[in-house]
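Residue numbers (the numbering used here): -14 to 145. Everything below concerns the one structure shown next.
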Amino acid sequence: MNTVTLSIVTLIAASALSFNALSMKSSGATAVGPSHADTTIDWEHMSKAERKQYMKDVVMPKMKPIFHDFDPKRFKDVRCTTCHGDGARNGDFKMPNPELPKLPATREGFDKLNKEKPKMMEFMSKTVKPTMADLLGMKPFDPKTGSGFSCGNCHTTAKK
Ligand code: HEC
Ligand code: HEC
């Protein structure tokens, strides 16, 4: 990360300004398209307060319409609790969130889920996961390295 990016991170974190500052930034030298990881944040090294501010300023405005458009009834109200559950009420915001539907631990379980909820599964894997990974500046999960952003950053897994 260079100094410019660092100072942008500090700027975003230190103040409540957000979307404007961010769009100004992305029209600058390092053009960041919506489908590329947001390399201007360093999630790993952000403090909890900085993360919270980033969630408010950047993650919510982006994720809320995505969920809402997918299913306006089910996601009539998208809030911090939609992903964080009680963690958003008690302030720990711990993820993954065990209150979200638990994902199957087996291949067969996943196949079944794909059959039962194809739309939801497609939405989760093609939209929610990659968008969230981008927002956090994380790479998608790579089975080769065992690291990266996956369903398991939000959902816990059911016991076999
Ligand atoms: C679409 C889902 C989603 C929504 C909505 C959401 N978050 Fe998050 N949040 C996440 C994910 C995923 C992580 C964890 C990323 C990781 O794996 O490190 C996270 C992490 C955090 C953290 C860091 C927790 C830690 O242990 O460091 C804070 C604080 C936080 N969120 C606050 C908020 C607040 C405040 C809101 C509402 C304004 C909010 N989040 C809305 C998905 C969401
Ligand atoms: C950014 C956080 C996040 C990520 C990443 C994520 N999900 Fe979700 N998922 C949610 C939220 C929020 C809901 C809605 C829960 C609700 O309705 O209150 C949900 C709901 C679901 C449901 C619906 C279950 C039901 O009973 O209707 C399934 C299935 C699901 N997710 C599977 C997945 C899979 C598979 C992946 C990875 C490809 C994934 N999710 C990635 C946050 C996430």
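Backbone N, C-alpha and C define an ideal beta-carbon position, used for all residues, glycine too. Computed from a predicted structure; not experimentally measured.
Nearest to residue i (by Cα), restricted to the options the options
i, options, result
"residue 48", "114, 85 and 88", "114"
"residue 85", "29, 109 and 139", "139"
"residue 26", "141, 120 and 129", "120"
"residue 37", "69, 51 and 109", "69"
"residue 33", "76, 101 and 97", "76"
Any non-hydrogen atom of ligand 1 closer than 6 Å to residue i Cβ
i, result
"residue 66", "no"
"residue 78", "yes"
"residue 36", "yes"
"residue 75", "no"
"residue 136", "no"
"residue 33", "yes"
Separation of residue j from residue i, as counted between CA atoms
i, j, result
"residue 107", "residue 55", "11 Å"
"residue 118", "residue 124", "6 Å"
"residue 0", "residue 145", "Note that residue 0 scores a pLDDT of 39, beneath 50, so its modelled location is shaky; the value from the coordinates is reported in the next line. Approximately 45 Å between the Cα atoms of the pair."
"residue 103", "residue 72", "28 Å"
"residue 31", "residue 116", "19 Å"
"residue 105", "residue 91", "18 Å"
"residue 95", "residue 112", "18 Å"
"residue 122", "residue 35", "14 Å"
"residue 99", "residue 130", "25 Å"
"residue 162", "residue 141", "Within the shown structure, residues of the chain are numbered from -14 to 145, placing residue 162 beyond reach of any answer."
"residue 128", "residue 57", "34 Å"
"residue 28", "residue 59", "29 Å"
"residue 143", "residue 110", "18 Å"
"residue 61", "residue 74", "19 Å"
"residue 51", "residue 45", "10 Å"
Distance cut-off 6 Å: residue i Cβ against heavy atoms of ligand 2
i, result
"residue 123", "no"
"residue 86", "yes"
"residue 132", "no"
"residue 63", "no"
"residue 45", "no"
"residue 110", "yes"
"residue 49", "no"
"residue 129", "no"
"residue 102", "yes"
Any non-hydrogen atom of ligand 4 closer than 6 Å to residue i Cβ
i, result
"residue 41", "The model depicted lacks ligand 4 and carries ligand 1 and ligand 2 instead."
Any chance the segment 128 to 135 sits against the segment 71 to 88, with 3 or more Cβ pairs inside 8 Å? no
Is the segment 63 to 78 in contact with the segment 35 to 51, if contact means three or more CB pairs nearer than 8 Å? yes
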